[in-house]
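Below is one structure; the comments refer to it alone.
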Ligand SMILES: Cc1cc2nc3c(=O)[nH]c(=O)nc-3n(C[C@H](O)[C@H](O)[C@H](O)COP(=O)(O)O)c2cc1C
């Protein structure tokens, strides 16, 4: 039987009305001083509650994990209260929502971190890329290498933020291990030059996932990875071996799902699907937004159970209904992606409701 993106999905821990997930997309609208989500975030996410699953924008689990202006946190009571309003609105609209926990590691700047240096597995600076700060674009600085005890504390910070997330009403937590940020900086060859036990590339990822699973239950714990991606100057010499080892360790835990961003030369979905017995959410990261057709092909080929869409969901709050109707899609307004308020955030129109015929 052919599976469609619009078919319901029942996995070991997830029951979704369709296989069209909203990918995590940073919108930079949180209060920059407090890290509290923008009050309009509740409408923004509730408008997208028809997604099979919503994954929030990246949220910092530790104050040094913030990488850009307007990125929200999940550390303080005030931040948790902001998220409580979001989860309440999404659930009232019939949706399901996981919080993405995002520590950027070296991808930050003292201007974003109240003067502190960014931290990373090793003191390796990114060359030839800029970082966006409230004062404009800046060159990267050399990060400070984390002490072993600090790495252990960060594992605890992820677990604490996961507890706060579930306390704030989230259905679960997605650990951001993708796209060149802290966890992938441990997985990468050029960024992890450590000599302590965290020199083993998968150890930090494994400890974070296990700590989160111990804190909130494996059925509420997910991991996002982008094997072989060179995003933000990460170099992985042998992604096949590293990610196979990571999955061999994590698969038996029975997590909510694994989210794979396919990007780069290594065909991660094809290689890793047979090595993951739980739910797999696929994502294709390329210069153009992922199309329904590409996602359908991947799901029909058995490469993923569910597919996530980022850019299409920013512009189309009712994406599953548009797919179902074969309706045209709203274009994305690129200048309104990051920062600001309602404009470009909560004002993308849904399809007109069909007139009621008596
Ligand atoms: C504006 C924007 C913000 C993003 N923010 C995040 C993020 O916070 N966390 C993350 O894991 N990926 C993030 N991504 C990557 C998306 O989740 C996704 O992998 C990418 O957009 C490809 O999917 P698409 O073709 O459906 O847009 C972001 C992408 C965009 C365009």
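Numbering (this note's numbering), first residue to last: 2 to 359. Ideal Cβ positions, reconstructed from N, Cα and C, are used throughout, including at glycine. Here the structure is a predicted model, which is why all the values come from computation and not from measurement.
When C-alpha distances from residue 317 are compared across 24, 5, 15 and 17, the shortest belongs to 24. Between residue 254 and residue 203, the CB-CB gap reaches or exceeds 8 Å. Taken in chain order, the complete alpha helix (DSSP H) segments of 4 residues or longer contained in the stretch 63-105 are 78-93. Listed in chain order, the beta strand (DSSP E) elements of length 3 or more contained wholly in the stretch 251-295 are 258-263 and 281-285.
Note that the C-beta distance between residue 279 and residue 259 is below 8 Å. Going by C-alpha positions, residue 329 is about 7 Å away from residue 323.
Judged by their CB atoms, residue 227 and residue 180 are nearer to each other than the 8 Å cut-off. Residue environment: residue 10 is assigned as buried (16 or more neighbouring CB atoms within 10 Å of its CB, all protein chains considered). Counting only the Cα atoms, residue 123 lies some 11 Å from residue 190. Considering only 224, 32 and 307, the residue with the shortest C-alpha distance to residue 342 is 32.
The beta-carbon separation of residue 245 and residue 176, rounded to 19 Å, does not stay under the 8 Å limit for a contact.
When the five nearest sequence neighbours on each side are left out, the beta carbons in the same chain lying within less than 6 Å of the beta carbon of residue 134 are those of 110, 112 and 113, in order along the chain.
Per DSSP, reduced to three states, the secondary structure at residue 3 is coil, with no helix or strand assignment.
Listed in chain order, the non-local C-beta contacts of residue 187 below 7 Å within the same chain comprise 122, 193, 199, 202, 205 and 206, local neighbours out to five positions each way being set aside.
If the five residues before and after residue 312 are omitted, its C-beta is found closer than 6 Å to the C-beta atoms of 290 and 333, all from its own chain and listed in chain order. About 5 Å separates the beta carbon of residue 257 from that of residue 173, a gap short enough to meet the 8 Å contact definition. Between the beta-carbon of residue 209 and that of residue 171 there is about 17 Å, and that puts the pair past the 8 Å contact cut.
Under the three-state reduction of DSSP output, residue 58 falls in the strand class.
In the three-state DSSP reduction, residue 139 falls in the strand class (E or B). Taking the Cα of residue 120 as reference, the smallest distance to any Cα among 63, 99 and 79 is reached at 63.
Taking the Cα positions, residue 93 is about 14 Å away from residue 169. Just measuring C-alpha positions, the residue of 215, 288 and 108 sitting nearest residue 68 is 108. The C-alpha of residue 43 is placed about 15 Å away from the C-alpha of residue 349. Contact check for residue 73 against residue 36 passes: the beta carbons are separated by less than 8 Å.
Within the same chain, Cβ atoms closer than 7 Å to the Cβ of residue 85 are found at 169 and 170, the five residues on either side in sequence being excluded. The alpha-carbon of residue 99 is positioned some 28 Å away from that of residue 354.
The secondary-structure analysis by DSSP pairs residue 226 across a beta bridge with 178 and 261. Look at residue 164 here: in three-state DSSP terms it is helix. By the 16-neighbour rule on beta-carbons within 10 angstroms, residue 131 is exposed. Secondary structure in the stretch 310-359: no beta strand (DSSP E) run of 3 residues or longer lies completely within the stretch.
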